[in-house]
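As structure tokens, the structure follows; a few thoughts come after it.
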Amino acid sequence: MTEHAHRHGNGHQHTGGHSHGHSHGVSPDADRRWLRAALVLLTAYMVVEVGIGVLARSLALISDAAHMLTDAVSIILALIAMRLAARPARGGFTYGLKRAEILSAQANGITLLLLSAWLGYEAVRRLIAPPEVTGGLVFVTALSGIVVNLVCTWLLSRANRSSLNVEGAYQHILTDLFGFVATAVSGLIVLTTGFQRADAIASLIVVALMLKAGTGLVRESGRIFMEAAPAGVDPDALGDHLVAEDQVVEIHDLHIWQITSGQPALSAHILVAPGGDCHKVRRRLQELLSTQYGITHATLQVDHLGEESTAPDVLTLGPRPAAESPTADHCEDTHGPVHRPGPHLH
Numbered sequence: 001m002t003e004h005a006h007r008h009g010n011g012h013q014h015t016g017g018h019s020h021g022h023s024h025g026v027s028p029d030a031d032r033r034w035l036r037a038a039l040v041l042l043t044a045y046m047v048v049e050v051g052i053g054v055l056a057r058s059l060a061l062i063s064d065a066a067h068m069l070t071d072a073v074s075i076i077l078a079l080i081a082m083r084l085a086a087r088p089a090r091g092g093f094t095y096g097l098k099r100a101e102i103l104s105a106q107a108n109g110i111t112l113l114l115l116s117a118w119l120g121y122e123a124v125r126r127l128i129a130p131p132e133v134t135g136g137l138v139f140v141t142a143l144s145g146i147v148v149n150l151v152c153t154w155l156l157s158r159a160n161r162s163s164l165n166v167e168g169a170y171q172h173i174l175t176d177l178f179g180f181v182a183t184a185v186s187g188l189i190v191l192t193t194g195f196q197r198a199d200a201i202a203s204l205i206v207v208a209l210m211l212k213a214g215t216g217l218v219r220e221s222g223r224i225f226m227e228a229a230p231a232g233v234d235p236d237a238l239g240d241h242l243v244a245e246d247q248v249v250e251i252h253d254l255h256i257w258q259i260t261s262g263q264p265a266l267s268a269h270i271l272v273a274p275g276g277d278c279h280k281v282r283r284r285l286q287e288l289l290s291t292q293y294g295i296t297h298a299t300l301q302v303d304h305l306g307e308e309s310t311a312p313d314v315l316t317l318g319p320r321p322a323a324e325s326p327t328a329d330h331c332e333d334t335h336g337p338v339h340r341p342g343p344h345l346h
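The sequence shown begins at 1 in the UniProt record's numbering and counts up by one.
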């Protein structure tokens, strides 16, 4: 199973893959421009907001400013990760540094979770003993924050959000936008009714949004690090689909993972009926993977089933003793389900 050279003779083994690109509608340089523009705008506004939050004694404003700080950090991380991911593969990094973007996305998710824990604690403390909050100042500042975040959200939406890295920065900005809306409402309530706890309640709304976004980012980046199949791809169903193709007798050692977001990869060991055209089967399976599953980075090891097997043995659909199994001559230790035509063995 570890040999990937072309072998010709009675047992044919071939490894092949389509050439593949991972382009999208927005170039990496354009992505970086959009992110840098959002970074400059966020940083300038954040400095102003911290000063006003201290003057107004508003936790909602300070929490928004703290969130904006993580927004800025998330964009900086995204920019660094983009530059690292663009480097060509060399040395021991055979995929390059593409997963730097996933590290960035995971860092963004973790910072959202940590910040939500701190702000949640502070919000509960202020619910118990609410301080005096200057509602008018909070309201006006939050309205201006909504405008700034709308612009930043638009800037990041122009970048390639299929990248989990960019999506992490986008989620930061989006939750901050919703937070400013909650803060504006709380400032208006304090201004018109004098209900001081509205400020802490607004902070709790921001905390809930941060928890949701942070959990999603950590979960999705964790799936990539744990080599899970891309969301929406069922490996068992895919294996059954492949083994149903003409001349395919068995598929095992089927692995599907993501190099980085939007770049799925697959490897598998394919057994073909004696006399079958291995090259033709491989090309057909790779075309199927590319067109129906969007998997263009596929490495398929294709072998003929042992010539000593009779045709009835080859086409047996039910389970058989290990000594007679098609995989016995090829892989002593297969990983994962074995897919065969007819009633499948999983």
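Every residue, glycine too, gets a C-beta built ideally from N, C-alpha and C. Note that the structure is a prediction, hence the values are computed from the model and not measured.
Rounded to the nearest angstrom, the gap between the Cα atoms of N165 and L97 is 13 Å. Short of 8 Å from the beta carbon of I146, and not among the five residues preceding or following it, lie these beta carbons of its own chain, in chain order: L177, F180, V181, A184. Going by C-alpha positions, W154 is about 13 Å away from E167. Relative to H279, the option among T291, I251, Q247 whose CA is nearest is Q247.
For the options T299, A198, I128, D303, the alpha carbon positioned closest to that of A268 is the one of T299. Of N108, V47, E250, L238, the smallest CA-CA separation from R219 is found for N108. Secondary structure at A44: helix, using DSSP grouped into helix, strand and coil. Annotated three-state conformation of A298 is strand, per DSSP.
A contact is defined here as three or more CB-CB pairs under 8 Å, and the region 224-238 fails this definition with respect to the region 112-124.
By the neighbour-count criterion, in which 16 or more other beta carbons inside 10 Å mark a residue as buried, F139 falls on the buried side.
A distance below 8 Å separates the beta carbons of L35 and A78.
The beta carbon of G214 lies closer than 6 Å to those of G109, L112, L113 in the same chain, with the five residues before and after it left out. Exposure of P131 is indicated by the presence of fewer than 16 other C-beta atoms within 10 angstroms of its C-beta.
With fewer than 16 neighbouring CB atoms inside 10 Å of its own CB, L55 falls in the exposed class.
Look at the region 157-202 and you find these whole runs of alpha helix (DSSP H), each 4 residues long or longer: 164-193. Under the three-state reduction of DSSP, Q247 is assigned to coil, being neither helix nor strand. Distance between R282 and E245, taken at the CA atoms: about 11 Å. Rounded to whole angstroms, I295 and G216 show a C-alpha spacing of 24 Å.
Annotation: T175 to L69 spans about 13 Å, alpha carbon to alpha carbon. Taking each of V249, I75, S290, V206 in turn and checking the Cα distance to Q263, the smallest one comes out for S290. DSSP places H269 inside the beta strand (DSSP E), whose first and last residues are 263-272. The beta carbon of A169 sits closer than 7 Å to those of L35, S74, I75, A78, N108, L156, all from its chain and outside the five residues before and after it, given in chain order.
When rounded, the separation of the alpha-carbon atoms in R197 and L211 is 21 Å. Check the Cα spacing between L254 and each of L238, T260, Y293: the tightest is with L238.
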